[in-house]
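Comments concern the structure below.
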Ligand code: SF4
Ligand code: SF4
Ligand code: SF4
Ligand code: SF4
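Protein chains in written order, with the working numbering: chain V, 755 to 1075; chain S, -2 to 280.
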């Protein structure tokens, strides 16, 4: 299987595999790293000491996320008509933008496609192919932001041993994706939209709060007390749809094994730590490697890594520069 | 796969603990799946047990098609100049985020001049013309394009609307002021009423609150007077049981079901109401 297929299967839920072949370059790097243990440890401590905890990407991301959602809200409230609609479907300066997953649900339920829907879907498709599919998750989705905040509460409770984190199988999300698609076909209703906290929050922000926020609250409680980031990790089909689209995106986080000390700080902060499996010692087969399509490009790992082993990069472009 | 390594030797049998853990994880995951899917299917309850259908915005597809095709974006909400359109909440089940109109609170008075909500809808849930494979219910089709009273003097006085969204009905003739032979003076609705309407003689482009437009009429005819569609309703004489001749509002074929009569009726509760999604039946 090609690496692309492996990563794609990983997004669907398959467990990460050890590489079959490790390039000579990498073998040499690893050898050099551990040749002189003392020097390695010294370097590691040195790198740590110099790393001030950065929130560069997080702050940028929060700013973009809040600004996008605010633009929706203000467009309606102040009637500036720049970004009309909500996250499921909107119009930006007249151009149709339609969320891929919502469009899919509707086509399956309604069994009919109309031109505007198609155009809007295409625009969004192109946008996320360029930016990397799951970029939507961490840079736009309002539920991502609230659950990122409540995650801190969860981690604190785990830290004090008040709650334990329960993991589900990552393949569950793939099952959900298929089930919601099936339900749309069979029932003729967009069943997923009834529960989607993305749609609910987006509409609540723009058109005012309602009972549906109670459901979002319950979800958050489940995540705080039972399972870390459960909705985004194991359920949300939107993330999977965008992940699939973004798998061909040129924008990605790349990993440079040479600079890595294999401590795993990145995996601790990540929403989808399986994409960071390459950072485990012996798991990288090439000197630089793009992360899997499930990566939301949130940049938390980039911020946390003391050596710059993880970077935002555009495929092919870094070679040109 | 073409692999000729002794694969089994590489992979030791799973320890009992590990197998147990995997089993537990699987069961938990199955439980989560069942719970979430189960919860989502609760959305059926409000949809199938709804006693009264909801008034949908102009151009809406038949109810089940409407629910399946609406992407719940609210663009129809945003363009409506009188904010007649509201979105459903969780208690509407699958109808969460789907638009409807509560005519008594705020009717669609076509202030926009052009059924803009249809224009705004990206999915064809609201549409000028239904695609061929969707059926048109008998009596839903309007005999002719409705003539908008507000546009009567324009070159194009009609409204691009093919099907009605409901039909008005004098539900409580006993409380109708016209039937009682009474006039009406003052604000059509109580002072706190927030509903708006376009009054052509005040401002064609800006709807004003109904409470800022008091009436003084010798015989109540508010529903007829404010109906935005030409010849959709008229006051006609009837002979009562006592043999006295009275006037009564009579709903006619061009009625599109916009709900203005229900909103403006000064009787409390309204004497005239919209039967949402009802079709025209010759009396
Ligand atoms: S790998 Fe980094 S950018 Fe990608 S999801 Fe994890 S923390 Fe975010
Ligand atoms: S047709 Fe009626 S409901 Fe639609 S936008 Fe115009 S006024 Fe609002
Ligand atoms: S504009 Fe169309 S798709 Fe959007 S909420 Fe209104 S009816 Fe639904
Ligand atoms: S507005 Fe109400 S009370 Fe007046 S005539 Fe019409 S139905 Fe009767």
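Think of the CB as a built atom: it goes at the ideal place given N, C-alpha and C, for glycine as much as any other residue.
Source: prediction; values computed, not measured.
Residues that residue i contacts on chain V, provided the C-beta gap is smaller than 7 Å
| i | result |
| --- | --- |
| residue 70 of chain S | 839, 840, 842, 843 and 844 |
| residue 61 of chain S | 942 |
| residue 94 of chain S | 947, 953 and 957 |
Whole-angstrom distance between residue j and residue i, CA atom to CA atom
| i | j | result |
| --- | --- | --- |
| residue 25 of chain S | residue 834 of chain V | 48 Å |
| residue 121 of chain S | residue 127 of chain S | 8 Å |
| residue 0 of chain S | residue 1036 of chain V | Note that residue 0 of chain S has pLDDT 43, beneath the 50 cutoff, so the model's placement of it is unreliable and the number below is only indicative. About 21 Å. |
| residue 973 of chain V | residue 985 of chain V | 7 Å |
| residue 1043 of chain V | residue 946 of chain V | 35 Å |
| residue 1056 of chain V | residue 1010 of chain V | 12 Å |
| residue 5 of chain S | residue 798 of chain V | Since pLDDT at residue 5 of chain S reaches only 49, below the 50 mark, its modelled position is unreliable, and the value read off the structure follows with that caveat. About 38 Å. |
| residue 263 of chain S | residue 234 of chain S | 20 Å |
| residue 85 of chain S | residue 36 of chain S | 18 Å |
| residue 906 of chain V | residue 979 of chain V | 12 Å |
| residue 921 of chain V | residue 941 of chain V | 31 Å |
| residue 850 of chain V | residue 767 of chain V | 33 Å |
| residue 17 of chain S | residue 23 of chain S | 10 Å |
| residue 777 of chain V | residue 770 of chain V | 18 Å |
| residue 118 of chain S | residue 157 of chain S | 15 Å |
| residue 52 of chain S | residue 227 of chain S | 21 Å |
| residue 151 of chain S | residue 208 of chain S | 28 Å |
| residue 772 of chain V | residue 1049 of chain V | 19 Å |
| residue 936 of chain V | residue 1034 of chain V | 37 Å |
| residue 2 of chain S | residue 888 of chain V | Because the pLDDT at residue 2 of chain S is just 45, under 50, the model does not fix this residue reliably, and the value given afterwards should be weighed accordingly. Answer to the nearest angstrom: the Cα atoms are 37 Å apart. |
| residue 968 of chain V | residue 757 of chain V | 42 Å |
| residue 913 of chain V | residue 899 of chain V | 21 Å |
| residue 213 of chain S | residue 261 of chain S | 14 Å |
| residue 161 of chain S | residue 243 of chain S | 29 Å |
| residue 42 of chain S | residue 64 of chain S | 14 Å |
| residue 165 of chain S | residue 88 of chain S | 26 Å |
Contacts that residue i makes with chain V (C-beta to C-beta distance below 9 Å)
| i | result |
| --- | --- |
| residue 64 of chain S | 863, 942, 943 and 944 |
| residue 55 of chain S | Ordered by position in chain V, no residue passes the 9 Å Cβ test against residue 55 of chain S, which lies about 18 Å from the chain. |
| residue 237 of chain S | Correct list: empty, because the minimum Cβ distance to chain V is about 46 Å. |
| residue 188 of chain S | Going along chain V, no residue has its Cβ under 9 Å from residue 188 of chain S, so there is no contact; the nearest lies around 24 Å. |
Residue interval of the alpha helix (DSSP H) (run including residue i)
| i | result |
| --- | --- |
| residue 864 of chain V | 854 to 864 |
| residue 928 of chain V | 926 to 941 |
| residue 775 of chain V | That residue, residue 775 of chain V, is in no alpha helix (DSSP H); it is neither H nor E in DSSP. |
| residue 46 of chain S | 41 to 46 |
| residue 945 of chain V | 945 to 949 |
| residue 16 of chain S | 13 to 38 |
Range covered by the beta strand (DSSP E) that runs through residue i
| i | result |
| --- | --- |
| residue 181 of chain S | 181 to 183 |
| residue 216 of chain S | From DSSP, residue 216 of chain S is part of no beta strand (DSSP E); its letter is neither H nor E. |
| residue 164 of chain S | 163 to 167 |
| residue 1042 of chain V | 1042 to 1044 |
| residue 792 of chain V | Element bounds for residue 792 of chain V: not the beta strand (DSSP E) but the alpha helix (DSSP H), 791 to 804. |
| residue 235 of chain S | 230 to 236 |
| residue 1006 of chain V | 1005 to 1010 |
| residue 840 of chain V | 837 to 840 |
Proximal chain S residues relative to residue i, where beta-carbon distance stays under 9 Å
| i | result |
| --- | --- |
| residue 850 of chain V | 119 |
| residue 830 of chain V | 71, 74 and 75 |
| residue 870 of chain V | 118, 119, 120 and 121 |
| residue 834 of chain V | Ordered by position in chain S, no residue passes the 9 Å Cβ test against residue 834 of chain V, which lies about 11 Å from the chain. |
| residue 1013 of chain V | Chain S residues near residue 1013 of chain V: none, gap ~31 Å exceeds 9 Å. |
Where residue i meets chain S, residues with beta-carbon distance less than 7 Å
| i | result |
| --- | --- |
| residue 961 of chain V | 71, 74 and 84 |
| residue 969 of chain V | 87 |
| residue 965 of chain V | 86, 87 and 88 |
| residue 856 of chain V | 68 |
| residue 874 of chain V | 119 |
| residue 908 of chain V | Residues of chain S passing the Cβ test: none, with the nearest at roughly 17 Å. |
Beta carbon proximity, residue i to chain B, threshold 9 Å
| i | result |
| --- | --- |
| residue 785 of chain V | You won't find chain B in this structure, because its protein chains are V and S. |
Partner residues on chain V for residue i, Cβ-Cβ distance less than 8 Å
| i | result |
| --- | --- |
| residue 192 of chain S | Within 8 Å Cβ-Cβ: nothing; residue 192 of chain S doesn't reach chain V, min ~18 Å. |
| residue 256 of chain S | Per Cβ cutoff of 8 Å: no residues; residue 256 of chain S is ~20 Å from chain V at best. |
Chain-ordered chain S contacts of residue i [CB-CB under 8 Å]
| i | result |
| --- | --- |
| residue 1028 of chain V | Within chain S, no residue comes near residue 1028 of chain V; the closest Cβ sits about 14 Å away, beyond 8 Å. |
| query | Can you list, in chain order, every residue whose CB sits closer than 5 Å to a heavy atom of ligand 4? | reply | S:173, S:174, S:175, S:217, S:219, S:220, S:246, S:262, S:264, S:268 and S:269
| request: Output, in sequence order along the chain, the residues in the stretch 74 to 91 of chain S whose CB is closer than 7 Å to any CB in chain V. | output: 74, 75, 84, 86, 87, 88, 90 and 91
| field | Interfacial residues, the stretch 987 to 1010 of chain V to chain S, with Cβ spacing under 9 Å | value | 988 and 989
| task | Taking a Cβ distance cut-off of 8 Å, strictly less, list which residues of the stretch 11 to 38 of chain S are near chain V, in chain order. | result | 22, 23, 25, 26, 29, 30, 33, 34, 36, 37 and 38
| request: Would you list, in chain order, the members of the stretch 911 to 932 of chain V that have their beta-carbon closer than 8 Å to a beta-carbon of chain S? | output: 920, 921, 922, 923, 925, 926, 929 and 930
| Which residues, taken in chain order from the stretch 767 to 782 of chain V, show a beta carbon closer than 8 Å to some beta carbon of chain S? | none
| task | Report the residues of the stretch 114 to 148 of chain S with a CB closer than 9 Å to any CB of chain V, ordered along the chain. | result | 117, 118, 119, 120, 121, 122, 124, 128, 130 and 131
| message | Taking beta-carbon pairs under 7 Å, can you tell me which members of the stretch 161 to 183 of chain S lie near chain V? | response | none
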